[in-house]
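According to our numbering, the residues represented by the sequence shown are 886 to 1092, in order.
Ideal Cβ positions, reconstructed from N, Cα and C, are used throughout, including at glycine.
Treat the numbers as computed from the prediction; the structure is a model and nothing was measured.
Heads up: the structure comes next, in structure tokens.
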Amino acid sequence: MTIKAPGKLEVVCGSMFSGKTEELIYRLRRAEYAKKNVITIKHKIDNRKSYSCIVSHDGGQREAYPVSSCEEGLQALTALVDDQTVDVIGIDEIQFFPIETVPIIQRLVDDGLRVIVAGLDLDFRGEPFGIVPRLMALADEVKKLRAVCLSCGEEANFTQRLIDNQPAGYYDETILVGGQECYEPRCRLCYQIDVKPYLHVSQTCSV
């Protein structure tokens, strides 16, 4: 009886400019050095530097298949894997992918693939971003990277969105693809949001 080798889910997350894509590229290259068959996926929405490559802020890049969030795009993602002999799949900007992507990733892992995803764990509001928290909970390994706060030089976990050099509003659109022109890494002390409503938590606890 042949025992199928277990798959693995790895999540690389952090703020913008923390080196997530660089880490993803590094892991995929190491897999290729180990003679593994690797494919790379990116979301179509991220075309800042290249439509057909993932590109890190330090200039590293790697060819990737652009996939959309629609049903046809997710079917294309599945077909890419099914049509090839794949050992490792890397997905960049995973926060842009819909909830329907989670069972696809789980199936790939169950089928014995090593799946490495990279993305923002928090949006510009400082709140959990998309499916990343769910994938972090399901992952075999989570690596949370930190950037350097551009205001004070401390470690940064937050992504500060700026509009005309002022903090964005809480109710602004969640997704705005951009780079240094509209985002900065910030530490908790330097991060700002002009309005941040908090949910009321009852003092009464029932068992």
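- Task: Along the beta strand (DSSP E) that carries R992, what are the first and last residues, could you check?
- Result: Per DSSP, R992 belongs to no beta strand (DSSP E); it is in the alpha helix (DSSP H), T986 to D995.
- Item | Which of helix, strand or coil DSSP assigns to P891 | Here P891 sits in coil by DSSP.
- Task: Express the C-alpha separation of E957 and L1074 in angstroms, rounding to a whole number.
- Result: Rounded to whole angstroms, L1074 to E957 spans 43 Å at the Cα level.
- Query: S900 and P1070 look like a contact to me (Cβ under 8 Å); what is the Cβ gap, rounded to whole Å?
  - Reply: Confirmed, Cβ separation roughly 5 Å.
- To which residues does DSSP link I1048 through a beta bridge? Under the DSSP definition of a beta bridge, I1048 partners with Q1051.
- For N922 versus D972, is the C-beta distance shorter than 8 Å? Closer than 8 Å, so yes.
- Message: Can you tell me whether A919 is helix, strand or coil according to DSSP?
- Response: In this structure, A919 counts as coil in the three-state DSSP scheme.
- Message: In whole angstroms, give me the CA-to-CA distance for G904 and A890.
- Response: Cα to Cα, G904 sits roughly 30 Å from A890.
- Message: Tell me the residue span of the beta strand (DSSP E) that contains Q1077.
- Response: In the DSSP assignment, Q1077 falls outside any beta strand (DSSP E), carrying neither H nor E.
- Query: Looking at R1031 and E1040, is the spacing between their C-beta atoms short of 8 Å?
  - Reply: Going by C-beta atoms, E1040 is nearer than 8 Å to R1031.
- Message: Is the beta carbon of V896 closer than 8 Å to that of A1024?
- Response: Going by C-beta atoms, A1024 is nearer than 8 Å to V896.
- Starting from P1070, follow its DSSP beta bridges and name the residues at the other end. Answer is T1044.
- Range covered by the beta strand (DSSP E) that runs through S947: The sequence given here places Arg at residue 947; Ser does not occur at that position. Note, R947: beta strand (DSSP E), Q946 to E948.
- Tell me, please, which residues DSSP counts as bridged to I910. Note: I910 sits in no beta bridge, so no partner.
- State the start and end residues of the unbroken alpha helix (DSSP H) segment that holds L884. Nothing can be reported for residue 884, as the shown portion of the chain is limited to 886 through 1092.
- Determine the closest residue to V966 out of E1026, E1012, I990 and C1034, with distance taken between C-alpha atoms. Ranking the options by Cα distance to V966, first place goes to I990.
- Cβ-based neighbour list, H1085, same chain, cut-off 8 Å, excluding 5 preceding and 5 following: Note on H1085: pLDDT 45, under 50, position unreliable in the model; the coordinate value appears next. Answer for H1085: no residue qualifies.
- Message: So for K927, helix, strand or coil by DSSP?
- Response: Note: K927 maps to strand in three-state DSSP.
- Give the secondary structure of V971 by DSSP, where H, G and I count as helix, E and B as strand, and everything else as coil. Note: V971 maps to coil in three-state DSSP.
- Return the CA-CA distance between C898 and T963, expressed in angstroms with no decimal places. C898 and T963 have their C-alpha atoms roughly 23 Å apart.
- Item | Collapsed DSSP secondary structure at L1005 in the structure displayed | Of the three classes helix, strand and coil, the one that applies to L1005 here is strand, per DSSP.
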